[in-house]
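Its first residue numbered 1, the sequence shown is counted upward by one per residue in full-length UniProt numbering. Every residue gets a Cβ at the ideal spot worked out from N, C-alpha and C, and that includes glycine. One structure is given below, encoded as structure tokens.
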Amino acid sequence: MHVIQHWNGSFFDKVPLRNLGMCYQVGHLIGEACPHPHPAFGNHFTIIDMNGIHNVALNFCSCMREHPLAAQLQHAWLFPATGIEPCTAVTMAALEQFQMLTFMGKISAYEYYYSLARLTDNTNTKTPSDNYDAFVWIVHEWSFIWQLKQAGIGNDPGGWKSAKLASCAVECLACPWLGVNILLIIDPSKMSSPDTWVYTLYLGIDGNFHLERFDVSSKEKDPGLGKGLAYFVDPTVFSSGVGEVVCTQHELKLPLSMIDLCVDEIIPHLVMSYNIACQWSINLDKHIKIYGDHLQPRIPNTLYLVLKFHLPGHIEDCQEKFCMSFHTQVGNNDGEAPERGWAISNGVATSTRKMGPGHQHEKLNQHFGDYNWQKNIPQGNSLLQKLKDAVPKASKHTDRCKHFMRSLPQQDVTKWTEMVEAWEADRMKPNPFAWTVANKTEAAMHLQLAQDDAQDELAGLNSDDLHTTLPKDMISQGIQLEASQSPESSSPQEVEPPLSSNRDVGYDLLHTIWSQLLALSKAYKDGNTNVLMQKEQLKCHKVTQDLNARITQAKQYYHDVRKRLMVLFEELGEWSWQVQLRILEDSDVWRISDDEVCKLNGARHVHEPTGGEKKCTLDYEANLWLSQASSTPMGGTLVNAGEGVTVYAKRQASIQKLIQESFEKKWWFVDEWIVLGD
């Protein structure tokens, strides 16, 4: 729509097109006159375009070959608010612009419409009629039709009523699709091969209470235009916030994976796997059997893990059993994909909380679909970059693993390897990553000394001389004061408690140094990744300074304890303790990286994708569109309708082919590069 300005004698002023005698004729080709024009209702028509709100004169066609009024407007690239005597319409260009702005900027219909109103008149002296409600209705209906169209349902002769569940969802290109990018019937022998990850689906479950909805409308008044066609399940089948299931490898939202959580519940019905999988996985199979056969999962093997960010909050037993880093074919997957996805969709929370249930579901379905599309398209680049990072690191870890194993006794390496392989095959076997050495802490040592004193007193071994200090008392006081003092021993029998005490302190100090190094590594990583402001940088610097000071202090204390042990054991001639309490050099103390020695053997195995799964998926999508184009009957209720849907299907097939070709160009060297990397 053009905005016309005319010279009024003093300046250029805006003038409506209808004041210049212009009248829009719909229902005919451009330049073709209509012998039987029919003015719009009230001879008044409003068109909302990208550059403002326009009041125009518009005539419909009432010839013998009359089309429905809504269809006449749509042929003119206008979408009406109603099919009966429409007097308001939005241009398709404005609808597409608003959709992209709300996807990228999360702006609401209110913000967009009244921005156009201000573009039309920012002085509030010639404000156009308020058509905000009509604009919302148009956006709601057009978005739903657009979603059906993108999913190919417009090419289905049965129409949208025959659409299958989840048919409007944008699915992950790289995840396994039975019969598409993996075989429909999988050879059981392949399930025990190193390539099992190809047939594995990695899922993460989370809930989001930011996407709440006020008590507005009801499911009876606003049931929604399409139930269960995308990401939200049909509320009539399944019954504050929203819960979702996400592919944690590629971060796409799964079809029919969204459900509303019940209001006023402290703990919702949907259990979140990200932090308590160690609890609900125990009886999950028992609870699933309660439901009907149509809801039984067809997954032979399921592995439950706790996501990396939430794992440190669990007890040590959970950290050993449910740690993602201890399991093969998980890679660098941290499982936190739902959290990152929510961060993007939370931008629409304020605009959807006052919608009815059906409208909210459809709005979120569209945003989730765009989110998945934005995740799918860059996969050619993102997965290639991950592969470029993984192959050199796999070679590096392999070398480090071999070097480390050569430094160990061969029988220990063999035993360890057998334990790991047995545990990977059967999780009920002992976990080789579990901490098995239970050294006494300093606090436990003090408790033992106190118990020894009580036993000596009961046995009458303690001296009544108040000025007599036993060796163990001297050691206890020396440890508390962190002083390097050695007690005088009168006999070997009296030396045993101090030796045990010092050994315990040595183990405790090594564990302290290890834990402080782990904290230091985390502090450096967070500082480099998340800290941007100067104030936060100073805080991070202070934290690292404190940690380094504690490490230095523990190191010095360890040296002092070891010197005491050298003196105490010299009389006994016993030196076996030095196997574990070795000399601690400065080069031995360095902050821990993400690659721990015990995980090197698993880290050296890298997945070797070739992009074939995406190629097969895109081939399938392109062929599906072509089949819909050839099977769509020409004609229909509207003139050229069949031709239009056929052309659209061919265009969509071409898009899928273009995406496939772009992936192939980026991945053509991958197979050879992996071989060279190995």
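Do residue j and residue i come within 9 Å of each other at the CB atom, strictly closer than that value?
i           : j    : result
H367        : T102 : yes
N59         : S129 : no
residue 701 : M92  : Outside the modelled stretch of the chain, which goes from 1 to 678, sits residue 701, for which no answer is possible.
A163        : N365 : no
V180        : C616 : yes
E424        : H327 : yes
D206        : W342 : yes
G331        : S218 : no
I659        : L387 : no
V306        : A277 : yes
S62         : P86  : no
H538        : Q516 : For clarity, residue 538 is Leu in the given sequence; the question names His instead. No, they are not a contact pair.
L618        : F663 : yes
E336        : W435 : no
K354        : F135 : no
I145        : C168 : no
P80         : I138 : yes
DSSP puts residue i in a beta bridge; with which residues?
i    : result
I53  : I48
D13  : H6
K321 : BP columns for K321 are empty, so no partner.
I377 : Answer is none; I377 lacks a bridge partner.
V505 : According to DSSP, which records beta bridges pairwise, V505 is partnered with nothing at all.
Y24  : L58
L178 : I182
A33  : Beta-bridge pairing links A33 to no other residue.
Out of curiosity, what's the CA-to-CA distance linking residue i and residue j?
i           : j    : result
L119        : Q147 : 29 Å
D594        : P312 : Below a pLDDT of 50, predicted positions are generally treated as unreliable, and D594, at 45, falls in that range; the measurement from the model is reported next regardless. Near 15 Å, if we compare the C-alpha coordinates of P312 and D594.
E141        : L624 : 26 Å
H75         : G27  : 7 Å
G204        : D317 : 21 Å
H511        : A554 : 10 Å
residue 686 : Q150 : Residue 686 is absent from the structure shown; the chain starts at 1 and stops at 678.
F41         : A70  : 13 Å
R651        : E621 : 12 Å
L303        : N51  : 55 Å
F12         : A109 : 31 Å
Y202        : C247 : 6 Å
M405        : T200 : 31 Å
N372        : A166 : 14 Å
G228        : D234 : 5 Å
G83         : Q99  : 22 Å
G506        : I513 : 11 Å
Q556        : A174 : 53 Å
R340        : C401 : 33 Å
M324        : V645 : 47 Å
Y524        : Q534 : 15 Å
V579        : D560 : 17 Å
Q545        : V589 : 16 Å
May I ask you to report which of helix, strand or coil DSSP gives residue i?
i    : result
W668 : coil
Q5   : strand
P338 : helix
D426 : coil
I674 : helix
T617 : helix
P39  : strand
K253 : strand
L282 : Note on residue identity: the sequence assigns Ile, not Leu, to residue 282. Of the three classes helix, strand and coil, the one that applies to I282 here is coil, per DSSP.
L303 : coil
L658 : helix
F326 : helix
F663 : helix
L78  : strand
T88  : strand
F144 : helix
F433 : coil
C598 : The pLDDT assigned to C598 is 46, lower than 50, so where the model puts this residue is not dependable; a value taken from the coordinates is nonetheless given after this. Reduced to three states, the DSSP call for C598 is helix.
F309 : coil
W197 : helix
F569 : helix
P392 : helix
Report whether the distance from the Cβ of residue i to the nearest heavy atom of the ligand PLP is below 8 Å.
i    : result
N208 : Inclusion of the ligand PLP in the displayed structure is not the case, the ligand content being empty and no account of it being possible.
> Can you give, in chain order, each stretch of the alpha helix (DSSP H) that sits fully within the stretch 91-115 and has at least 4 residues?
Replying inline: Positions of the alpha helix (DSSP H) runs, each at least 4 residues long and wholly inside the stretch 91-115, are given as 92-105 in order along the chain.
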